[in-house]
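What follows is a short report on a single structure.
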Amino acid sequence: MKLSVGEKRILLITFAGLLILLGFVLQPQGEKSTPGESENPRSLVEFPIDINTASYDELILLPGIGPTRARAIITYREENGAFHSVNEVLNVSGIGETILKNIQNMITVKNTHQVYEKSGKINVNTASVEDLCKLPGIGEVKANEIVKYRENRGPFKVHEDLLQVPGIGPKTLERISNMIEF
């Protein structure tokens, strides 16, 4: 059976239409929002956020803080330890008085010293990444390196063992030595 050119076109158009229809039917459906539910990511985060523990995704939700400034806040936190006041965010590259004024009611700094007074020292052999991040100069990256190191090489025995962890040098070790135990 031989099809004419017109019949081939009709068959091709029908087949293409079926493929398109099939694509719509099989396309995964996203979660449907209920009426009145906001699709604004800011509505999913409870403000004020603690800038000592806020994630990258939370930081970029702050007005005037985009990806670059969010990374700068995290880098500052990792290199200098916890923020001790909201105004200390002015030390972060790219953040000035105007941005601080826009975000100051959306951020907070919890008393980092209180954590150590209440709970004592942090055991670096058993602490979670979150707990390790409470140490000055230890951010998520260094905390993950500590956990990875102890999982691969066993428990830390002395303070100097931490110098073997990538990203931890003598200055960081000096800052945290009186806050950790083994």
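According to the numbering used here, the sequence shown is numbered sequentially starting from 172. For each residue, glycine too, the CB sits at the ideal point set by N, CA and C. Since we're looking at a predicted model, the values are computed, not measured.
Does DSSP classify residue i as helix, strand or coil?
i: Thr279; result: strand
i: Glu259; result: helix
i: Asn294; result: strand
i: Val196; result: helix
i: Glu217; result: coil
i: Ile351; result: strand
i: Pro238; result: helix
i: Pro341; result: helix
i: Ile245; result: helix
i: Lys191; result: Checking the sequence shown, residue 191 turns out to be Ile, not Lys. Three-state result, Ile191: helix.
i: Phe186; result: helix
CB-CB under 6 Å to residue i, same chain, minus the five flanking residues each way: which ones, in chain order?
i: Ile309; result: Leu303
i: Phe254; result: Ile222, Asn223 and Val280
Checking contacts by CB at 8 Å: is residue i closer than that to chain C?
i: Ile231; result: Annotation note: the requested chain C is absent from the structure, which comprises a single protein chain.
Inspect the beta-carbon positions of residue i and residue j and report whether they are closer than 8 Å.
i: Asn323; j: Val280; result: no
i: Val263; j: Tyr247; result: yes
i: Ile244; j: Val260; result: yes
i: Leu183; j: Leu174; result: no
i: Gly235; j: Ile270; result: yes
Note down, in chain order, each residue of its chain lying with its Cβ closer than 7 Å to the Cβ of residue i, except the 5 sequence neighbours on either side.
i: Val300; result: Glu311, Ala314, Asn315 and Val318
i: Met172; result: none
Since residue i and residue j should fall inside the 8 Å C-beta cutoff, what is the C-beta to C-beta distance between them, to a whole number of angstroms?
i: Ile274; j: Leu233; result: 5 Å
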